[in-house]
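Protein chains in written order, with the numbering used here: chain X, 6 to 117; chain Y, 8 to 186. Single-structure report; data block below.
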């Protein structure tokens with residue numbers, strides 16, 4: 006059931022869609038994605054840390070985004086590194102499919 | 008002319024004070040505070056009493072006066088120590104780059120994750136990185152410290168809970184596969 010859901014490119018949540026949209030023209034790291042979403046929506050739509058990173062992992066598993074470690078020096082105390090995310094061809098395709106689907110839905114005439 | 012003499016005097020005074028400080032530090036670290044303090048007090052007490060006796064004071068008056076001097080020295084030292092401690096604490100409180108409670112907690116979490124659960128650490132270390140990055144950004148934007156502390160603790164707590172749930176989920180699916 007869940008694998009079927011994962012394979013469906015139309016099955017994108019609002020958060021997943023927003024994240025993919027932020028990555029269309031440039032690669033970004035987690036906090037940058039969060040800030041971009043908040044800024045674009047003028048603070049009306051925010052995405053928390055606890056939903057951003059698991060969602061990014063899911064998108065990576067589905068092949069919609071790829072990631073690479075940043076060249077910056079790791080965080081002073083913890084040694085944690087920054088990771089940059091980039092949209093893949095599949096990700097772009099999924100966004101386009103979703104948009105097409107929504108556009109078709111808008112103009113759909115009742116058949117009977 | 009007067010100014011240059013004053014400058015020379017102040018520089019000599021500063022050099023002398025620095026020398027005394029150096030000698031005191033060497034004495035304190037060389038012999039230990041517990042030995043230096045009573046010996047120093049005894050020397051002051053006995054020396055002052057002997058000088059007073061030599062000046063013609065009676066023994067009881069000389070002892071009383073030197074006792075008062077020792078008490079005064081102790082009092083001044085205590086006040087100086089308390090003031091110094093207050094100033095250094097203030098400086099420490101103002102510095103937000105030092106390892107504070109929440110940063111220490113983040114460090115502990117990172118160490119535990121890296122050693123006990125390297126897969127999750129590899130996957131989610133950028134989350135921890137960004138929690139500390141936004142903390143620094145908020146402090147630089149002069150956001151109230153208490154707010155930043157609460158937010159960071161809350162984010163670290165959420166990080167721990169979600170990583171534990173992911174780990175549990177993986178463990179459960181692995182156990183199911185074995186069965």
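Ideal placement from N, C-alpha and C gives every residue a C-beta, glycine not left out. Treat the numbers as computed from the prediction; the structure is a model and nothing was measured.
Cβ-Cβ distance between residue 144/Y and residue 85/X below 8 Å: No, the pair does not count as a contact, with Cβ atoms beyond the cut-off.
Cβ contact (3+ pairs, closer than 8 Å) linking the stretch 16-25 of chain Y and the stretch 96-108 of chain X: no
Length of the line joining the Cα atoms of residue 30/X and residue 15/X: 21 Å
Helix, strand or coil at residue 65/Y [DSSP, three-state]: coil
Option in 129/Y, 156/Y, 164/Y with minimal Cα separation from residue 62/X: Just measuring C-alpha positions, the residue of 129/Y, 156/Y, 164/Y sitting nearest residue 62/X is 129/Y.
Residue burial classification, residue 20/X (beta-carbon count within 10 angstroms, cutoff 16): Result: buried.
Check: residue 27/Y C-beta below 7 Å from any heavy atom of the ligand NAP: Of ligands this structure carries none, so the ligand NAP is not represented either.
Three-way DSSP call (helix, strand, coil) for residue 55/X in this model: helix
Secondary structure, alpha helix (DSSP H): runs of 4+ residues fully inside the stretch 52-91 of chain X: 54-66
Cα-Cα separation, residue 112/X to residue 99/X: 20 Å
Contact belief for residue 69/X with residue 92/X at Cβ below 8 Å, rounded distance in angstroms: 7 Å
Buried versus exposed, by CB contacts within 10 Å (16 or more), residue 178/Y: exposed
Proximal residues, the stretch 103-134 of chain Y versus chain X, C-beta separation under 7 Å: Taking 7 Å as the Cβ-Cβ cut-off, the stretch 103-134 of chain Y approaches chain X at 106, 110, 113, 114, 117, 130, 131, 132, 133, 134, given in chain order.
Inter-residue spacing [alpha-carbon to alpha-carbon] between residue 181/Y and residue 119/Y: 22 Å
Cβ of residue 183/Y within 8 Å of any chain X Cβ: no
Residue 175/Y at chain X interface by Cβ criterion, 8 Å: no
Status (buried if at least 16 other CB within 10 Å, exposed otherwise) for residue 67/X: buried
Straight-line gap, residue 88/Y to residue 110/Y (C-alpha atoms, nearest Å): 30 Å
Nonlocal neighbours in the same chain, by C-beta distance under 6 Å from residue 159/Y, ignoring five residues either side: Once the five neighbours on either side are set aside, the close Cβ partners of residue 159/Y are 109, 142.
Residue 186/Y, DSSP secondary structure in three states: coil
Short CB-CB distance (under 8 Å) between residue 140/Y and chain X: yes
Residue 31/X, enclosing alpha helix (DSSP H) - first and last residue: Annotation: residue 31/X is outside any alpha helix (DSSP H) and is labelled neither H nor E by DSSP.
Collapsed DSSP secondary structure at residue 13/X in the structure displayed: In this structure, residue 13/X counts as coil in the three-state DSSP scheme.
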